[in-house]
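Notes follow once the structure below has been shown.
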């Protein structure tokens, strides 16, 4: 009898951001005259940069002609893009990787899910708390319910605490979603050493690395000696180049990274992931990969960095203004996220409702990212300058009293 | 200790089509003067049609402007596309579906994998033999090793035989890959009845439905009364509109389709799949969905059907010419696939080597699709007219003696 994978029943009914969208939609329905400003979901507002648009049109033209049409791509991704990634993202930072260690795909969500399923169900996972909810949900779907939460608190600067028990997989996110904090070189060195000593693997999510402003903060975990043996790195063009609606990502799986079999042998994660992609994914679209390639041209780098500068100015502005209102604020530097502490121990969802109902501003309740996020609230810097200013004005009006 | 999901070790080392590509590449390396013609992998050769190109460029322009830029899409897919699918693919055939029963995504591989993981690991799967290898690989990765193979043979016209034991999930593919055969209305009625009586679910893969030439052969399993309770349907724009390099698909999961929990309750597959997509997939790209929408305009329908006609003529030609050479040939009607029986009981891989080495033509060994495919060979109609003709000339030269 066709029956359900019961692991799916352990998920909470709704994905956090779906709940927020529903609340926003309901408010808008009941208040058709009020313009709601969303500083909630981390979606970008600036359009694609000209270099990317040109590349997409050129690639579209190629798809229109028999001589230049491209059908099924290659599982790993096109070399023209992988070579650019190796050069700009890694070689320039002193990291040497091979072409077959990078996989192009359609978004980090899919990559995070795809890599996680190649690990044993019995592996114990350590997640930060607060945490990007997809990390947790993916593992619950895989039947990994024994999750260890590494608390990030004001006291430890929202850096994940060291696990008290043995863990096999450690998720790290820097710059962090939701807290906006970053891991320093020394902290990453600690985690790489920890992973080696514990035969653990680090899932390093650095999709926000382009926001880093301090040259001493690593953009890639492979800037740390020995990380190739213990870390997978997830990257995306979503925030780097505003590809949230285009969909392009890559994941780095060094050949040195091996997983144990029950009989004590070692197998390459890289080749298993490639096998997995060939069956479950296929290949990223040609036009998308040309668009991503364009990001790495000199002009492309200039253009995307102007957009990032725009968002960074928003982040700085939000942080400053909230501090003027007496809020304790984390993030907002090296990150598009502002993590604020509510006042008078107000609960995260109460703060959400207050902001939505009184200011028409949507943010994300900290507790939605885990219990350690209770009493906190996340705002993002991805809106337009005008909307960000207007949102802050409205917030000022309800909190200045 | 980070360890491997041992189910992945039960996979054969290489995906069938990767082996073929490697063999082809090696031959080309050793015979740089010979032009190899591939009638192997089912990739299209005609470029995207003008209506699709125009839609993509228009959508790209929208992505270049702040006012019309689109970031993250909606999990289910944009309504503008879903509405067209409901109208053209279903309503016109008398099938009523709701908007929230269709999910847009980036290729049927991902959809087949995504739906399969929501079923219990203990569910017994029935696959045809011969079979599209991704069906098998997906289930092996999920730990379902107890697979029942439903043999398709010359004797039964390559229609899957009825399972001798109870099965929970039945994969049907019509028009069939690799055999090119189709299931009639009566045969589908049998399977729907069978699924109901056995509390089983049918995964109906009809990605080649556009090749059907006979109005009596169903394009959708929902043309069969009661199928909504027991069938998921997989569709793709890859063959329909040459989107192999663009990536767009959809899957239909009717609300009526319920899975049992251990405690005997029933849960909607539809809502679990939506939850799954929100965590593991995200949403299909905006430009891609506009491209797919254009396929359903009057002009789009005209243009894609011209391309399909072109491939159908190839199929007919290959079939005719092979029959003239004394081959027994299946498929080639209602299908882009030609399934030929080798002569003198030659093994599939021997036939592959002969064709590659003596004619410089690449096809797919029948045995690569399962043991029932031994002694058979698949050719595809997706090459250009010129290449198809040339390939047949070369085949004629080695077999006319």
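Protein chains in written order, with this note's numbering: chain A, 1 to 401; chain B, 1001 to 1401. C-beta: ideal position from N, C-alpha, C; glycine also. All values reported here derive from a predicted model rather than from experimental measurement.
query                                                                                                                             : result
Per-residue burial, residue 1280 of chain B [other beta carbons within 10 Å of its own, 16 or more giving buried]                 : buried
Beta-carbon proximity check, residue 283 of chain A vs residue 52 of chain A, cutoff 8 Å                                          : no
Outcome for residue 60 of chain A when other beta-carbon atoms lying within 10 angstroms are tallied against a minimum of 16      : buried
Paired residues, beta bridge with residue 339 of chain A - DSSP                                                                   : A:330, A:378
Sub-8 Å separation of residue 208 of chain A and residue 185 of chain A beta-carbons                                              : no
Own chain residues within Cβ distance below 6 Å of residue 7 of chain A, not counting five before or after                        : 141, 143
Residues sharing a beta bridge with residue 1403 of chain B, DSSP                                                                 : The shown model of chain B, from 1001 to 1401, leaves out residue 1403 of chain B, and the question about it has no answer.
Three-way DSSP call (helix, strand, coil) for residue 1235 of chain B in this model                                               : strand
Boundaries of the alpha helix (DSSP H) in which residue 99 of chain A is found, first to last residue                             : No alpha helix (DSSP H) contains residue 99 of chain A, which DSSP labels as neither H nor E.
Proximity of residue 337 of chain A and residue 46 of chain A at Cβ, strictly below 8 Å                                           : no
Cα-Cα separation, residue 1079 of chain B to residue 224 of chain A                                                               : 46 Å
Extent of the continuous alpha helix (DSSP H) run through residue 972 of chain B                                                  : In the structure as shown, chain B begins at 1001 and stops at 1401. Residue 972 of chain B is therefore absent and cannot be evaluated.
Length of the line joining the Cα atoms of residue 1426 of chain B and residue 1110 of chain B                                    : Here chain B comprises residues numbered 1001 to 1401, so residue 1426 of chain B is not present and cannot be evaluated.
Residue 261 of chain A at chain B interface by Cβ criterion, 8 Å                                                                  : yes
Spatial neighbours of residue 157 of chain A in its chain, beta-carbon cut-off 7 Å, leaving aside the 5 residues before and after : 181
Length of the line joining the Cα atoms of residue 1216 of chain B and residue 1334 of chain B                                    : 12 Å
Proximity test, Cβ basis, 8 Å: residue 1019 of chain B and chain A                                                                : no
Three-state class that DSSP yields for residue 994 of chain B in the structure shown                                              : In the structure as shown, chain B starts at 1001 and stops at 1401, and residue 994 of chain B therefore has no counterpart that could be examined.
Euclidean distance between Cα positions of residue 1344 of chain B and residue 1323 of chain B                                    : 15 Å
Host beta strand (DSSP E) of residue 170 of chain A (start-end)                                                                   : 169-173
Below-8 Å beta-carbon distance, residue 1107 of chain B vs any chain A residue                                                    : yes
Given residue 235 of chain A as reference, the closest of A:33, A:222, A:131 once Cα atoms are compared                           : A:222
Cβ contact (3+ pairs, closer than 8 Å) linking the segment 1364-1378 of chain B and the segment 1024-1036 of chain B              : no
Three-state secondary structure (DSSP) of residue 1065 of chain B                                                                 : coil
Beta-carbon proximity of residue 116 of chain A to residue 148 of chain A, cut-off 8 Å                                            : no
Close-in-space but distant-in-sequence residues of the same chain around residue 86 of chain A (CB under 6 Å, 5 per side omitted) : 97
Of the residues B:1300, B:1170, B:1370, B:1026, the one placed nearest residue 1056 of chain B, counting alpha carbons only       : B:1300
Neighbour-count burial assignment, residue 219 of chain A, 16 or more Cβ in a 10 Å radius                                         : buried
Within chain B, the residues that residue 47 of chain A reaches when beta carbons sit closer than 9 Å                             : 1062, 1063, 1064, 1065, 1066, 1067, 1068, 1069
Beta-carbon gap between residue 192 of chain A and residue 227 of chain A smaller than 8 Å                                        : yes
Chain B contact for residue 119 of chain A (CB, 8 Å cutoff)                                                                       : yes
Interface partners of residue 1267 of chain B on chain A, CB under 9 Å                                                            : 4, 8, 9
Nearest-angstrom Cα separation, counted from residue 155 of chain A out to residue 101 of chain A                                 : 38 Å
Cross-strand partners of residue 1202 of chain B (DSSP beta bridge)                                                               : B:1170, B:1231
Stretch-stretch touch, CB-based, cutoff 8 Å, three pairs: the segment 376-389 of chain A with the segment 346-365 of chain A      : yes
Whether residue 295 of chain A touches residue 257 of chain A by CB criterion (8 Å)                                               : no
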